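Below you'll find the structure, written out as C-alpha coordinates, and then a few comments.
So this is what it looks like as C-alpha coordinates:
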(Lines of atoms letter the chains of each structure in order from A and count residues from 1; the text may use other names and numbers.)
(Lines give C-alpha, C1' and ligand atoms only; values in the text may rest on other atoms or scores of the structure.)
Protein backbone atom coordinates (compact mmCIF):
# COMPACT_ATOMS: atom_id res chain seq x y z
CA UNK A 1 0.00 0.00 0.00
CA UNK A 2 1.25 3.45 -0.88
CA UNK A 3 0.84 6.15 1.76
CA UNK A 4 2.04 9.64 2.61
CA UNK A 5 4.35 9.87 5.64
CA UNK A 6 4.07 13.03 7.72
CA UNK A 7 7.09 14.25 9.69
CA UNK A 8 5.15 13.90 12.96
CA UNK A 9 5.06 10.12 12.56
CA UNK A 10 8.70 9.95 11.51
CA UNK A 11 9.72 11.88 14.62
CA UNK A 12 7.61 9.62 16.83
CA UNK A 13 9.49 6.67 15.33
CA UNK A 14 12.82 7.91 16.71
CA UNK A 15 12.13 10.18 19.69
CA UNK A 16 12.35 8.11 22.87
CA UNK A 17 9.55 10.00 24.64
CA UNK A 18 7.15 9.86 21.68
CA UNK A 19 7.37 6.24 20.61
CA UNK A 20 3.91 4.82 20.12
CA UNK A 21 2.68 1.46 18.85
CA UNK A 22 1.17 3.33 15.90
CA UNK A 23 4.54 4.88 15.00
CA UNK A 24 6.31 1.53 15.24
CA UNK A 25 3.66 -0.17 13.08
CA UNK A 26 3.99 2.59 10.49
CA UNK A 27 7.77 2.24 10.52
CA UNK A 28 7.30 -1.37 9.48
CA UNK A 29 4.91 -0.21 6.76
CA UNK A 30 7.52 2.25 5.43
CA UNK A 31 9.96 -0.62 4.97
CA UNK A 32 7.34 -3.01 3.56
CA UNK A 33 5.22 -0.66 1.44
CA UNK A 34 5.78 2.57 -0.48
CA UNK A 35 5.88 5.78 1.53
CA UNK A 36 5.93 9.14 -0.23
CA UNK A 37 7.01 12.45 1.29
CA UNK A 38 7.07 16.03 0.03
CA UNK A 39 10.53 17.46 -0.58
CA UNK A 40 10.38 19.52 2.63
CA UNK A 41 10.10 16.36 4.76
CA UNK A 42 13.83 16.02 5.42
CA UNK A 43 14.04 19.63 6.62
CA UNK A 44 11.01 19.22 8.88
CA UNK A 45 12.44 16.06 10.40
CA UNK A 46 15.87 17.66 10.87
CA UNK A 47 14.28 20.71 12.49
CA UNK A 48 12.17 18.56 14.81
CA UNK A 49 15.20 16.56 15.93
CA UNK A 50 17.30 19.69 16.40
CA UNK A 51 14.56 21.31 18.49
CA UNK A 52 14.19 18.15 20.57
CA UNK A 53 17.93 18.18 21.27
CA UNK A 54 17.90 21.88 22.19
CA UNK A 55 15.08 21.14 24.66
CA UNK A 56 17.08 18.29 26.19
CA UNK A 57 14.82 15.49 24.98
CA UNK A 58 17.83 13.75 23.44
CA UNK A 59 21.49 14.55 22.86
CA UNK A 60 22.78 16.24 19.72
CA UNK A 61 24.61 13.01 18.89
CA UNK A 62 21.39 11.00 19.23
CA UNK A 63 19.52 13.60 17.15
CA UNK A 64 22.08 13.28 14.37
CA UNK A 65 21.97 9.47 14.52
CA UNK A 66 18.16 9.53 14.39
CA UNK A 67 18.29 11.81 11.36
CA UNK A 68 20.65 9.43 9.59
CA UNK A 69 18.26 6.55 10.29
CA UNK A 70 15.26 8.49 8.96
CA UNK A 71 17.15 9.67 5.88
CA UNK A 72 17.92 6.04 5.03
CA UNK A 73 14.27 5.06 4.88
CA UNK A 74 13.16 3.97 1.40
CA UNK A 75 11.01 7.00 0.63
CA UNK A 76 9.81 8.40 -2.66
CA UNK A 77 10.22 12.17 -2.68
CA UNK A 78 7.73 14.42 -4.44
CA UNK A 79 8.21 18.07 -5.29
CA UNK A 80 4.87 19.87 -4.93
CA UNK A 81 3.74 22.90 -6.91
CA UNK A 82 4.07 25.94 -4.57
CA UNK A 83 1.23 27.84 -6.28
CA UNK A 84 -1.13 24.92 -5.72
CA UNK A 85 0.00 24.74 -2.09
CA UNK A 86 -0.87 28.38 -1.45
CA UNK A 87 -4.31 27.87 -2.98
CA UNK A 88 -4.91 24.74 -0.91
CA UNK A 89 -3.66 26.49 2.24
CA UNK A 90 -6.11 29.34 1.75
CA UNK A 91 -8.96 26.96 1.02
CA UNK A 92 -8.38 24.70 4.04
CA UNK A 93 -6.79 27.08 6.53
CA UNK A 94 -3.62 25.00 6.75
CA UNK A 95 0.02 25.99 6.70
CA UNK A 96 1.76 25.61 3.35
CA UNK A 97 3.84 22.87 4.99
CA UNK A 98 0.77 20.84 5.97
CA UNK A 99 -0.80 21.53 2.59
CA UNK A 100 2.20 19.88 0.93
CA UNK A 101 1.24 16.60 2.60
CA UNK A 102 -2.46 16.90 1.86
CA UNK A 103 -1.79 17.91 -1.75
CA UNK A 104 0.34 14.80 -2.14
CA UNK A 105 -2.46 12.63 -0.71
CA UNK A 106 -4.89 14.06 -3.23
CA UNK A 107 -2.45 13.71 -6.12
CA UNK A 108 -1.52 10.11 -5.28
CA UNK A 109 -4.98 9.13 -3.98
CA UNK A 110 -3.19 7.78 -0.95
CA UNK A 111 -3.88 7.82 2.79
CA UNK A 112 -1.75 9.83 5.19
CA UNK A 113 0.13 8.69 8.26
CA UNK A 114 0.10 11.64 10.65
CA UNK A 115 -0.08 12.34 14.37
CA UNK A 116 -0.93 15.99 13.70
CA UNK A 117 -4.55 16.41 14.74
CA UNK A 118 -5.24 19.44 12.59
CA UNK A 119 -3.75 17.84 9.48
CA UNK A 120 -5.67 14.63 10.15
CA UNK A 121 -8.91 16.60 10.48
CA UNK A 122 -8.27 18.46 7.21
CA UNK A 123 -7.39 15.19 5.47
CA UNK A 124 -10.62 13.55 6.58
CA UNK A 125 -12.59 16.61 5.48
CA UNK A 126 -10.98 16.30 2.04
CA UNK A 127 -11.90 12.61 1.83
CA UNK A 128 -8.40 11.30 2.61
CA UNK A 129 -8.00 8.29 4.91
CA UNK A 130 -5.80 8.73 7.96
CA UNK A 131 -3.69 5.77 9.05
CA UNK A 132 -3.62 5.12 12.76
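Numbering (the working numbering), first residue to last: 320 to 451.
C-beta atoms are modelled at their ideal positions from N, C-alpha and C, and glycine is treated no differently.
Quick caveat, the model's predicted, so the values are computed rather than measured.
Query	Result
Residue burial classification, residue 323 (beta-carbon count within 10 angstroms, cutoff 16)	buried
As assigned by DSSP and simplified to three states, the class of residue 401	helix
Touch test, the stretch 364 to 371 against the stretch 384 to 394, Cβ-Cβ under 8 Å, three pairs minimum	yes
Simplified DSSP state of residue 410, which is helix, strand or coil	helix
Distance CB(residue 328)-CB(residue 434) smaller than 8 Å	yes
Any 3 or more C-beta pairs closer than 8 Å across the stretch 395 to 408 and the stretch 350 to 362	yes
Bounding residues of the alpha helix (DSSP H) (the contiguous stretch that carries residue 340)	340 to 351
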